[in-house]
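Undergrad: Protein chains in written order, with our numbering: chain D, 1 to 478; chain U, 1 to 478.
For every residue, glycine included, the Cβ atom is placed at its ideal position computed from N, Cα and C.
Remember, predicted model here, so these are calculated numbers, not experimental data.
Dropping a structure here in structure tokens format, bear with me for questions.
2 protein chains.
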Amino acid sequence: MAVPRNKKHENFSEWFEQVTLHTMVYDYRFPVKGCGVWPGYGFKLRKNVLDVMRRLLDESGHEECLFPTLIPQSLLGKEAEHIRSFEGEVFWVTRGGFTELGERLALRPTSETAIMPMLKLWIKDYKDLPVKLYQVVSVFRCETKATHPMIRVREVTTFKEGHSAHATYEDAESHVWSMVELYKRFFDELCIPYLISRRPDWDKFAGAVYSIAFDTVMPDGRALQIGTVHHLGQNFSKAFDVKYLKPDGSHEYVWTTSYGISERVVAALISIHGDDHGLVLPPNVAPIQVVVIPIPYKGREAEVYGEARRAYGELKAAGFRVVIDDRQDATPGSKFYEWELKGVPIRVEIGPRDVERGTVTLVRRDCLTRTACPWGELVNYVKQLAERITVDLREAAWRYLKERTFRVRSLEEVAELVKARRGIVEVPWCGRGECGLTLEEGLEAKILGTAVEPVMVEGRCVNCDREATKLLRTAKTY
Amino acid sequence: MAVPRNKKHENFSEWFEQVTLHTMVYDYRFPVKGCGVWPGYGFKLRKNVLDVMRRLLDESGHEECLFPTLIPQSLLGKEAEHIRSFEGEVFWVTRGGFTELGERLALRPTSETAIMPMLKLWIKDYKDLPVKLYQVVSVFRCETKATHPMIRVREVTTFKEGHSAHATYEDAESHVWSMVELYKRFFDELCIPYLISRRPDWDKFAGAVYSIAFDTVMPDGRALQIGTVHHLGQNFSKAFDVKYLKPDGSHEYVWTTSYGISERVVAALISIHGDDHGLVLPPNVAPIQVVVIPIPYKGREAEVYGEARRAYGELKAAGFRVVIDDRQDATPGSKFYEWELKGVPIRVEIGPRDVERGTVTLVRRDCLTRTACPWGELVNYVKQLAERITVDLREAAWRYLKERTFRVRSLEEVAELVKARRGIVEVPWCGRGECGLTLEEGLEAKILGTAVEPVMVEGRCVNCDREATKLLRTAKTY
């Protein structure tokens, strides 16, 4: 379990790979480039994160479904923009057994083109609308850029993709914004801060009318896209001929949207909250929320172990995900090290002094501060502490994002900040596509798009000196 | 929602496809051969079935994990028997984007060869053993035989594969039998009857020392394999060089097992319990356990709807998966039809007479019998009825399997029964492989193997007339 410490801000990539490996959250040593393994502990973390999303989607009237992995080439190619964007990175199945396939099958890079033919079968008239569904699946992209564990992978194992169909443009639009709100709640529950931008036209999802994206800033100062919501207009419904019967007897193409998150959310969670001791996990998604560690003292072992088991029992009964580490062949110090590494939010220590005083000691993983807790208050204290930790993690994360968000007015300033990977930089912009593209090229950075929230823009475009109409965001990205 | 009735035993294939389609359990119209879609209702049923399995595996010390989908050709080929058996039906990814891949990647047909390289990294010494893990994933087989929805598909979407590693042959062996016991509990909870056979050597899993299989009989008299448990010996550990350090300082290859179920379990569940009115689902896995239907009467609508909502509220609060169908534009009769089709185990009807008497009417889906239930007893009655339904479904299913299992002594009898697809036929057998193979060929049926339970065998081998030592099972299969 030895993992190098003190490195998150020095060498973030190595910190990430080492911490996820040594905690058995993610093992990136699988012998296919860009493919990682989720061992037990990581699988539980991933599942808890997904369960937050599932709850939000289920509550908002979505149905979880499962569509096939393989998409025929002809189907994937139906929407022209879509295939143009994806064809360079699609994995193709060309052989089955010893035989060449009649038609090549794509490993889905995303599922719009798998879902539309089914919507065509399922949607008859306006009473069938809206349709709101989602699935959690693997999607595949033969990335040509450098791969990174969890962040840029060839098998995205945790693709939660939502899809909807509506009777009007406006219904679809209003669904887009309600999904933006849903994603906000999702990221808030995970204590992950974000900026929401409308992606520039040249970088929207292939086949979308427009794309709204959530970005956060990683410890190395690069922006990471962690969620997107797309208004797809009638682009896919026309390509796939998905119509509905209106009350007036006429037919219209449905209006669709799609929205996704991936294991990048888990990567952001780990990266933003983690520290030089290892993982720091928000209590609501931590696979283990509390670890009870007896601190035995010669002659007092029976009492200490007994009280530790009692604490474990009480917390278990109260519904916490709790373990007791009563191994006798490991020192308390080595146990602290291990469970800190694993990011367990609260440690309960019970030593001889606790036994005497009728207390237990609670230690927070995030800041390592200690509280003495009277026995009768154990469950209450742990509950309150978990809430406190959640609030503090969220605040610290937002503070970090704010420190890493800059608003400047000159090309020199933005160039310098972006080059130094300081975070996300906001500049006044004229709003013209050609100007944005020139800027993107000049900065060797990504244009994230314009702020979605209403924001006062004053002054001149940082690039062309015309009057500014929008606030543009740019950053080095993954 | 109109679906042809009275056909399960006349035309089982059509019954199955129509019932699953019209209940939105499974839509097999996806435009890739052998690939089906799980819409919302089916997804929930599938999830509930999987949750039973997950609970049993988690309780027995397994960890859920997730391994990649793509397996390099060289890895898949490491265990000689394994690749020999699978290479005829592996889907191969040969291109990424516009480029031919350096090495072909298989879509996993099963994951032994993806898991072994990771076990090699994870297992150091005897303290790391046993390892018990599982995953629920899609596996892919380019079936050359005729495909059937859920039963013989090219993308198996619900492959629960367990894998274990042990220090000794005996530990692995005892794990095999404890997994057989676990599968028995699983099928018992789903009210699915089974025969457990040791597969003949020529039909064991590719790379196994031996394979134990669960078979059931479908309504058309064909046997369906619904679960398998394999002792893999050191075949895979030697091929992948997975060793552990023993307490005495020497190294030994680990001993592994694997065990799987698939959506065939859902297919069996639907086929065995369903009837000519549609699905009949055991309450523990039914997506909806109770439907409340008000039967309004002129002038008494408010009371009836009020009482129906009250019943809904009480059942909801008691933790049942319950819906109320209070649509005013549908007749009670059409509602009965729909919810019977969907297999909801218990219907609660509330009409004006119930209101007067202070009762509600409970109707069982399986046998359509009615019970009047006093208001104060609603939750209790529903609970007891659910238990009664479960017991009755299980008994009826086992009765069916027993009626469809024959024990005969002559070649003529077995040939006739098998040809007529009457079910599974047991015959005395000499135990010699060459004799079994001749028999299999002659019967144009499958040899399922020998009974696992101790059983008295008397008389002469049905095929070669030598002294019989084993009870052999044979049937037409899927």
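(1) Closest to D:E444 by C-alpha separation, out of D:E416, D:D465 and D:P454, would be which residue?
(2) If you compare alpha carbons, which of D:P345, D:C373 and D:V348 is closest to D:R357?
(3) Does the separation of the CB atoms of D:E277 and D:E340 fall below 7 Å?
(4) Using a Cβ cut-off of 7 Å (strictly closer), state whether U:E155 contacts chain D.
(5) Could you give the residue range of the beta strand (DSSP E) that holds D:P332?
(6) Would the beta-carbon of U:K316 be found less than 6 Å away from any heavy atom of the ligand SAM?
(7) Of the choices D:L245, D:E181, D:V290 and D:L101, whose alpha-carbon is the least far from that of D:V382?
(8) Whose C-beta lies closer than 8 Å to the C-beta of U:M1 among residues of the same chain, with five residues either side of it excluded?
(9) Using only CA atoms, which one of D:I346, D:D354, D:F236 and D:R353 lies nearest to D:C367?
(10) For the region 66-77 of chain D, list every residue whose C-beta sits within 7 Å of some C-beta in chain U, in sequence order.
(11) Which residue comes first and which comes last in the beta strand (DSSP E) that contains D:F214?
(12) What does the Cβ neighbour count give for D:R353, buried or exposed, with the cut at 16 atoms within 10 Å?
(13) So with CB distances below 8 Å, who are the chain D contacts of U:C367?
(14) For U:H251, count the other beta carbons within 10 Å of its own beta carbon; 16 or more makes it buried, fewer makes it exposed. Which is it?
(15) Span of the beta strand (DSSP E) holding D:F140?
(16) Decide if U:T438 is buried, meaning its Cβ has at least 16 other Cβ atoms within 10 Å, or exposed.
(17) Taking 7 Å as the cut-off, decide whether the C-beta atoms of D:S258 and D:H163 are in contact.
(18) Quick check on the DSSP output: the beta strand (DSSP E) that includes D:C373 runs from which residue to which?
(19) Leaving out five residues before and five after U:G34 in sequence, what residues of the same chain have Cβ atoms less than 8 Å from its Cβ?
(20) Does the separation of the CB atoms of D:K132 and D:H62 fall below 7 Å?
(21) Going along chain D in order, which residues have a C-beta closer than 9 Å to the C-beta of U:E63?
(22) Please report whether the beta-carbon of U:W92 lies at a distance below 7 Å from any beta-carbon of chain D.
(23) Please confirm whether U:F205 and U:H230 have their CB atoms less than 7 Å apart.
(24) How is the beta strand (DSSP E) around D:Q225 delimited, first residue to last?
(25) Taking the DSSP output, what are the residues bridged to D:K160?
(26) If you draw a straight line from the C-alpha of D:C461 to the C-alpha of D:E181, how long is it?
(27) Short of 6 Å in beta carbon distance, which residues of its chain neighbour D:M179, apart from the five on each side in sequence? Order them along the chain.
(28) Quick check on DSSP: helix, strand or coil for D:M1?
(29) Within 10 Å of its beta-carbon, does U:W484 have 16 or more other beta-carbons around it, so buried, or fewer, so exposed?
(30) Give me the residue from U:A308, U:S334 and U:V254 with the minimum Cα distance to U:P130.
(31) Pull up the DSSP beta-bridge partners for D:S197, would you.
(32) Which residues in the same chain as D:F320 place their Cβ atom closer than 6 Å to its Cβ, once the five residues preceding and following it in sequence are excluded?
(33) For D:S197, decide whether its Cβ has a neighbour in chain U, counting only Cβ atoms nearer than 7 Å.
(34) Just to confirm the assignment: which complete beta strand (DSSP E) runs, minimum length 3, are found wholly within the region 393-472 of chain D?
(35) Comparing alpha-carbon positions, which option in U:F406, U:M116 and U:A302 lies nearest U:F240?
TA: If we stick to the structure as given:
(1) D:E416
(2) D:C373
(3) The sequence given here places His at residue 277 of chain D; Glu does not occur at that position. Result yes, Cβ atoms of D:H277 and D:E340 sit closer than 7 Å.
(4) yes
(5) Unbroken run through D:P332 is the alpha helix (DSSP H), P332 to L341; no beta strand (DSSP E).
(6) Judged by which ligands are present, the structure shown has none, so any question about the ligand SAM falls away.
(7) D:V290
(8) The predicted model places U:M1 with a pLDDT of 45, which falls under 50 and marks its position as unreliable, so this point remains unresolved.
(9) D:I346
(10) L66, F67, P68, T69, L70, P72 and L75
(11) Y210 to V217
(12) Answer is exposed; the Cβ neighbour count stays below 16.
(13) Within chain D, no C-beta atom comes nearer than 8 Å to that of U:C367; the closest sits roughly 30 Å away.
(14) exposed
(15) V131 to F140
(16) Answer is exposed; the Cβ neighbour count stays below 16.
(17) yes
(18) Segment R370 to P374, the beta strand (DSSP E) holding D:C373.
(19) E143, T147, R152, V153, R154 and E155
(20) yes
(21) P39, G40, Y41, F43 and K44, listed in chain order.
(22) yes
(23) A distance below 7 Å separates the beta carbons of U:F205 and U:H230.
(24) A223 to G233
(25) D:V136 and D:I261
(26) 30 Å
(27) V229 and Y259
(28) Low local confidence applies: a pLDDT of 45 at D:M1 is under 50, so the model's placement there is unreliable, with the coordinate-based value given in what follows. Three-state DSSP puts D:M1 in coil, outside helix and strand.
(29) Outside the displayed span of chain U (1 to 478) sits residue 484 of chain U, for which this structure offers no information.
(30) U:V254
(31) Paired residues: D:A213 and D:A451.
(32) The beta carbon of D:F320 sits closer than 6 Å to the beta carbons of Q289 and V290 from its chain, once the five residues preceding and following it are set aside; these are given in chain order.
(33) no
(34) 405-407, 424-429 and 446-451
(35) U:M116
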